[in-house]
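Here is the structure we will look at.
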Amino acid sequence: MTAQRLFSWARQTLSQSGVDSPDFDAKELCAHFLGLSREELILKKEFIPPKAAQEAFQAAVAQRAEGRPLQYILGEWEFMGLSLFVGEGVLIPREDTAVLVEELHARLGEQKAPRGLDLCAGTGAVALGLCSRRPDATVLCLELSERAFSYLKKNLSAYPEYQIASRQEDVLLPPQNFEEGSLDFLASNPPYIAKDELPTLQREVQREPQMALDGGEDGLVFYRAIASLWLPLLRPGGVFAVEIGETQGDEVSQLFSKAGGKKLSVKKDWAGLPRVVSGEWPGK
Ligand SMILES: C[S@@+](CC[C@H](N)C(=O)[O-])C[C@H]1O[C@@H](n2cnc3c(N)ncnc32)[C@H](O)[C@@H]1O
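Following this line, the structure appears as structure tokens:
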């Protein structure tokens, strides 16, 4: 089959199976499995890809049609210009999470060689995104899931130029081997979906690990743990930023304020929805 026919078949198959963005997905799969960029797809319409590539492409389209996320099929996804390994067992980094990284970056200001934590690190998107802006930062990533942790390690190994370490650890338990008042910053994009909302999520999101999404009965379990267990590790004047669900701005701000956080603010994402709560630890 020609590249043009393969592409048209893919777009139609994806559209009929209810994929939201059939054109985009078909192009991404063409680029990955047939080695044809968007431009080449137009210029080389009559090109006949090798049989093995055609079969791999058709298998990938079938997987996508039955709801497997595009990013898992590709095995890699871009976040803030960094290519990250992804697959079943780890959350796909979202564009909105860049708002968390940029807010932390802004809060850190001129401070030299800041040291801090990325709690619930997943692929390592937050730590890596921050270090791409601030290569002088040192970050320790904590992640509990075995499968997510293996992606985290693989992604950190792909960027040896950054000073990022990782530990497989439960952030809902009291911190071990940390000194109070020792950190310059704390970042987290924790699970924050309320348990009863999980079954209502889009079919692709349902394929992502429950553990990456489930924020307990009210979606706030991790914020309570961060406020009570982890904020006190910040030094006076240290900064924190967490990603939130769009309805959680007030509740999370109140939790952090009660725990002692100061200069709190809520930042919006590209769609204009509340997405990040940040602040400062008192005493400076
Ligand atoms: C919403 S995902 C965020 C992943 C990544 N930080 C990002 O922004 O793409 C939350 C992550 O928290 C991890 N997690 C869930 N429960 C945890 C716990 N008790 N301790 C540490 N990590 C946990 C999940 O495995 C998942 O990787």
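Quick note on the working numbering: the sequence shown kicks off at 178 and runs consecutively.
The beta-carbon is built from N, C-alpha and C at its ideal position, and this holds for glycine as well.
query = In this structure, does DSSP put residue 458 in helix, strand or coil?
reply = coil
ask   = Taking only runs of the alpha helix (DSSP H) that begin and end inside the region 239-318, which ones reach a length of at least 4 residues, in chain order?
value = 247-251, 274-285, 302-310
key: Straight-line Cα distance separating residue 201 from residue 251   = 13 Å
inquiry  = Whether or not the region 326-333 and the region 377-386 are in contact is what I'm after, with contact meaning three or more pairs of Cβ atoms, one per stretch, closer than 8 Å; do they touch?
reply    = no
inquiry  = With distance defined between alpha-carbon atoms, name the residue in 376, 418, 302, 366 nearest to residue 257.
reply    = 302
ask   = Is it a yes or a no for the region 209-219 touching the region 338-354, going by three-plus beta-carbon pairs under 8 Å?
value = no
ask   = I think residue 449 touches residue 425, with their Cβ atoms under 8 Å apart; what is that distance to the nearest whole Å?
value = Going by Cβ atoms, the distance from residue 449 to residue 425 rounds to 16 Å, so no, they are not a contact pair.
request  = Say yes only if the C-beta of residue 382 is nearer than 7 Å to one or more non-hydrogen atoms of ligand 1, and no if none qualify.
outcome  = no
ask   = Apart from the five residues on each side of it in sequence, which residues of its chain come closer than 7 Å, Cβ to Cβ, to residue 247?
value = 202, 205, 241
request  = Would you mind reading off the limits of the beta strand (DSSP E) that contains residue 187?
outcome  = Run containing residue 187: none in the beta strand (DSSP E); it sits in the alpha helix (DSSP H), 180-193.
ask   = Do you know how far the Cα of residue 429 is from the Cα of residue 400?
value = 7 Å
For residue 444, the nearest candidate out of 262, 274, 230 (CA to CA) = 274
key: Status (buried if at least 16 other CB within 10 Å, exposed otherwise) for residue 229   = exposed
task = Taking only heavy atoms of ligand 1 into account, decide whether any of them is closer than 7 Å to the Cβ of residue 298.
result = yes
inquiry  = Measuring CB atoms only, is the region 335-345 touching the region 269-284, in the sense that at least three cross pairs come out at less than 8 Å?
reply    = no
task = Within 10 angstroms of the Cβ of residue 361, are there 16 or more other Cβ atoms? Answer buried if so, exposed if not.
result = buried
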